[in-house]
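See below for the structure under consideration.
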Amino acid sequence: MKVITGGVTAAKGFEAAGVEASIKYKNRKDMALIYSQKPCVLAGTFTSNVVKAAPVLWDKKVVEESAFGQAVIVNAGIANACTGKEGYEYCKKTALRGSKALGIPEESVLVASTGVIGMQLPIDRIEAGIDKLAGAKADTIEAGTQAAEAIMTTDTHSKQAAVEIEIGGVTVTLGGMSKGSGMIHPNMCTMLAFVTTDAVISKDVLTKIVKEDVTDTFNMISVDGDTSTNDTLLVMANGMAGNEEIKEGTPEFEAFKEAVHYINETLAKMMAGDGEGATALIEAKVIGAAAKEDARKLSKSVVSSSLTKAAVYGHDANFGRMICALGYSGVSFDPDKIELFFESKAGRIQVFKDGVSTNYDEEEASRILAQPEVRILADMKMGSEEATAWGCDLTYDYVKINADYRS
120 MKVITGGVTA AKGFEAAGVE ASIKYKNRKD MALIYSQKPC VLAGTFTSNV
170 VKAAPVLWDK KVVEESAFGQ AVIVNAGIAN ACTGKEGYEY CKKTALRGSK
220 ALGIPEESVL VASTGVIGMQ LPIDRIEAGI DKLAGAKADT IEAGTQAAEA
270 IMTTDTHSKQ AAVEIEIGGV TVTLGGMSKG SGMIHPNMCT MLAFVTTDAV
320 ISKDVLTKIV KEDVTDTFNM ISVDGDTSTN DTLLVMANGM AGNEEIKEGT
370 PEFEAFKEAV HYINETLAKM MAGDGEGATA LIEAKVIGAA AKEDARKLSK
420 SVVSSSLTKA AVYGHDANFG RMICALGYSG VSFDPDKIEL FFESKAGRIQ
470 VFKDGVSTNY DEEEASRILA QPEVRILADM KMGSEEATAW GCDLTYDYVK
520 INADYRS
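Under this note's numbering, think of the first position of the sequence shown as 120, with each following residue one higher.
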């Protein structure tokens, strides 16, 4: 696998654009397009929140019922959530305008929205924005970057990733972009992610890979404990690489699965590290668990803890925060057996062993926690399973950003 520069336009046949449509923001790009020159096999996963935004309902229908997908139209600023029948009709109108502007079937157009909940979309601006997107689309890295920038809300930077792999001597490319900075919590964490590939693969096989992989990538991040109404991951495969079809149980399947995992994990970590007001990416890794699901629960509990997040922000090596989070995770273990470490580029220090503090050097521990990327490692001493979760520290700015979010 070769990591390359790019995002959603990295794979053959994919074009993108980002334009200013004044949906809510002024003087910035706020609408994006992903377009494939050929029809695509689709796979997707969506929010587990009972309250689902209109675009989520539309996309679920397209993914499950349409013969193929060919374009995604995204707006930032207004989420089109809690907007009733009118909001869903705006999804239809968006798809219809996209169909006309791009010359593709209405049922092949997916839509996504992110931003304030409860506001209706200015459909006239959405439709005008679609026309601008259709005229601006291109297959360049720059066009992909403009699309990635256009879907941002409180994100501080765009998020992209791309890789190449060899399938039967043919180069297959995958690229992706995502956004998400707040209202992020495991279970299809407001998160939007789009992955494109030119691989030849069936819908069933692609869906299997995507649904399994989100368990250890996008579902393992948490910024603030809030699961959004709009969470969406869409994967599009147009087959333009011309490789032999990827079949389950083959080396090619494993190679493609690894590439999907890299894209998803990279985008997930970017979102976790760019949490609203964050100064540090926190990685919570649990090893030595009795079962895989136990490891997931334990690591997510640590990274989701507000007290853990606050301790990292303050560079305070208060291991009690992490031990407490492990203890209420719902997993049974012997606290006298576990070991706890803090790690970063500044070093590694053990802070807990045999049920008590290791009498570690507080200043050294504080230096380790002061880095922009911090790992909390817990060895449960119960088995061989492990899992990793990602989050960020909790700062004063998180409250400021969300207190003023609608202003």
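By construction, the Cβ of each residue, glycine as well, lies at the ideal position given by its N, Cα and C atoms.
The beta carbon of Val-127 sits closer than 7 angstroms to the beta carbons of Phe-133, Ala-135, Ile-153, Gly-263, Ala-266, Gly-294, Gly-295, Met-296, Phe-313, Thr-315 from its chain, once the five residues preceding and following it are set aside; these are given in chain order.
Per DSSP, Cys-210 is one residue of the alpha helix (DSSP H) stretching across 203-221. Scanning Ala-374, Ala-497, Tyr-479, Gly-474 for the CA closest to the CA of Ala-408 turns up Ala-497. Annotation note: the region 404-488 contains the following uninterrupted alpha helix (DSSP H) runs of length 4 or greater, listed N- to C-terminal: 411-423, 425-432, 439-446, 481-488.
Three or more pairs of CB atoms, one per stretch, sit closer than 8 angstroms, so the region 193-208 contacts the region 159-173.
Closest by C-alpha distance to Lys-500, out of Glu-482, Lys-472, Leu-426, Ala-220, is Lys-472. In the three-state scheme derived from DSSP, where H, G and I count as helix and E and B as strand, Phe-375 is classed as helix.
When Glu-458, Pro-158, Ser-424 are compared, the shortest CA-CA separation from Glu-225 is found for Pro-158. In the structure shown, the three-state DSSP call for Asn-349 is coil. Residue pairing by DSSP leaves Ser-321 without any beta bridge partner.
By DSSP's assignment, Thr-292 forms a beta bridge with Glu-283. Within the same chain, Cβ atoms closer than 6 angstroms to the Cβ of Glu-384 are found at Thr-336, the five residues on either side in sequence being excluded.
Measuring C-alpha to C-alpha distances from Thr-292 to each of Thr-166, Ser-423, Leu-386, Val-319 identifies Val-319 as the nearest.
The closest CA to that of Val-324, considering only Val-518, Tyr-207, Phe-372, is found on Phe-372.
Boundaries of the beta strand (DSSP E) harbouring Thr-233: 228-235, taken from the DSSP string. Ala-151 sits in a strand when the DSSP states are folded into three classes.
Within the same chain, and ignoring the five residues on either side of Val-450 in sequence, the residues whose Cβ sits closer than 6 angstroms to its Cβ are Asp-413, Lys-416, Leu-417. Secondary structure at Met-501: coil, using DSSP grouped into helix, strand and coil.
The DSSP-derived three-state label of Thr-128 is coil. In the DSSP annotation of this structure, Gln-239 is not part of any beta strand (DSSP E), being labelled neither H nor E. Close CB contacts of Met-389 within its chain, under the 6 angstroms cut and outside five residues either way in sequence, are with Lys-278 (chain order). Secondary structure note for Gly-188: it is in no alpha helix (DSSP H), and the uninterrupted beta strand (DSSP E) holding it is 188-197. In the three-state reduction of the DSSP assignment, Gln-490 falls in the coil class. In the DSSP assignment, Gly-137 falls within the unbroken beta strand (DSSP E) covering 133-138. Apart from sequence neighbours up to five positions away, the residues of its chain that approach Val-470 with a beta-carbon distance below 8 angstroms are Ala-436, Phe-438, Leu-459, Phe-460, Phe-461, Ser-476, Thr-477, Tyr-479, Ala-484, ordered along the chain. Of the residues assessed, Asn-146 falls on the exposed side of the cut-off, its CB having fewer than 16 other CB atoms within 10 angstroms. Sequence-distant Cβ neighbours of Lys-148 in its own chain, meaning closer than 7 angstroms and more than five residues away, are Gly-137, Val-138, Glu-139, Gln-265, Glu-268, Ala-269.
For Thr-264, the enclosing alpha helix (DSSP H) stretches over residues 260-269. Assigned with DSSP and collapsed to three states, Val-170 falls in coil, not helix or strand.
Where Ala-312 is concerned, the enclosing beta strand (DSSP E) starts and stops at 311-316. Taking 8 angstroms as the cut-off, the beta carbon of Thr-273 is found no closer than this to the beta carbon of Asn-349. A Cβ-Cβ contact shorter than 8 angstroms links Asp-455 with Gly-474. Per the C-alpha coordinates, the member of Asp-512, Ala-506, Thr-507 positioned closest to Ala-489 is Asp-512. Contact annotation: Ser-341 and Val-422 have beta-carbon atoms nearer than 8 angstroms.
Thr-427 and Met-271 have their C-alpha atoms spaced approximately 27 angstroms apart.
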